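Using our numbering, you'd call the opening residue of the sequence shown number 27 and step up by one each time.
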Amino acid sequence: MPAETDDARGAYEYIKQYLRKHDIFDRIEALVIYEAVFGEPYIPFTIRELSASERIALRKVLEKRVSGYPLQYIAGKWPFLDFELSVGEGVLIPRPDTESLAEICIEYLRNSVSPVVIDLCSGSGCLAIAVRRTVAESKVTAVEYHGSALGYLEKNTAANAPDITVRKADVFGFENLLANSSVDMIICNPPYVTKKDYEKLAKELYYEPEPALTDGGDGLSFYRYISENYREKLKPGGRLMFEIGDNTGPAVTKILGDATYRRIEIFNDSFGNPRIAAAVRD
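Okay, structure coming up:
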């Protein structure tokens, strides 16, 4: 390890140089990596010698990052709207487009009285938590099947919205545990990357759990199943809310129409991309 990393200030400068060399630098990345390694935020002009173990840890983290390992996993936490989530290997990383879905769901629910909300494929719990924290008296259930993600879901709900009900269950069958006309809103950010497109993803995405990204087929299987099999679980006037892929709006619209939903709408995320589908049960 070069001599300039023997102290805290030198370590920060070294992180910036290392990242620049590998064409992935921005200031936020350097600050996140510094805090992840040293357990404290970087403060300019900090005078503190680094231990040998800290220098080794820094080298290992930087090597992981330039290999494509996600910055969010290095940090072990990531912001979502106005709260923070624990993240790591085995759980999908929350993204800004999902924040847009959360905001639209909250807007629809704002005037509801004690709405019952189901978040399918909950993952980190970002959507369930956003609704419960914002919509007064909402009764939220977060459903996740994969054990690696379930641990993060339980940790995040406990920290941010402990009265959320967490259920380990498969979306393909969980509907049988719900009474008809009992739910005000069903939310889902399903795996929607096609098998073909999955093979062409950026290298960072391969560190995230494959079942959270792709259904191994045409990317539409969850939309088909949920639209058809969960329809009767919604109250009349209840809403089904999906995150969708950039190019899947027409296909998801048709699926919802075939399942006799009405007022089908496609919304753009904060980047102007069509990423949210909304529909109403008769």
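Just so it is clear, CB atoms sit at the ideal spot from N, CA and C, and this is done for glycine as well. Since this is a predicted model, take the numbers as computed values, not measurements.
At what residues does the alpha helix (DSSP H) containing residue i begin and finish?
| i | result |
| --- | --- |
| N255 | 247 to 255 |
| C12 | The question about residue 12 has no answer, for the chain in this structure spans 27 to 308. |
| N186 | 173 to 186 |
| S79 | 78 to 92 |
Near residue i, which residues of its chain fall below 6 Å by C-beta distance, leaving aside the five closest residues on each side in sequence?
| i | result |
| --- | --- |
| R158 | S164, V166, A187, I190 |
Just reading off the beta strand (DSSP E) that residue i is part of, what are its end residues?
| i | result |
| --- | --- |
| A304 | 300 to 306 |
| V219 | Counting along the chain, V219 falls outside any beta strand (DSSP E), and DSSP gives it neither H nor E. |
| V166 | 165 to 170 |
Please report the straight-line C-alpha distance between residue i and residue j, rounded to a whole angstrom.
| i | j | result |
| --- | --- | --- |
| N215 | I82 | 38 Å |
| S296 | K226 | 24 Å |
| K194 | F248 | 17 Å |
| K42 | I50 | 10 Å |
| I73 | K86 | 23 Å |
| K259 | S138 | 18 Å |
| E170 | F268 | 16 Å |
Ordered along the chain, which non-local residues of its own chain (more than five positions away) have a Cβ less than 8 Å from that of residue i?
| i | result |
| --- | --- |
| N294 | S126, P300, R301, I302 |
| L309 | Missing from the structure shown is residue 309; the chain here goes from 27 to 308 and no further. |
| I132 | A156, V157, T160, V161 |
| T124 | F106, C152, L153, N215, E269 |
| L246 | Y218, T274, A277, V278, I281 |
What residue from the options has the CA that sits closest to residue i's CA?
| i | options | result |
| --- | --- | --- |
| G173 | Y232, P237, L227 | P237 |
| M211 | E180, Y233, D223, I252 | I252 |
State the DSSP-derived secondary structure class of residue i, mapped to helix, strand or coil.
| i | result |
| --- | --- |
| G271 | coil |
| C214 | strand |
| P36 | As written in the sequence, residue 36 is Gly, which differs from the Pro given in the question. Here G36 sits in helix by DSSP. |
| A195 | coil |
| P67 | coil |
| D145 | strand |
| N294 | strand |
| V58 | helix |
| G283 | helix |
For residue i, collect the residues of the same chain with a Cβ closer than 7 Å to its Cβ; drop the 5 residues on either side in sequence, then sort them by chain order.
| i | result |
| --- | --- |
| V142 | K165, S208, V209, D210 |
| F198 | Y251 |
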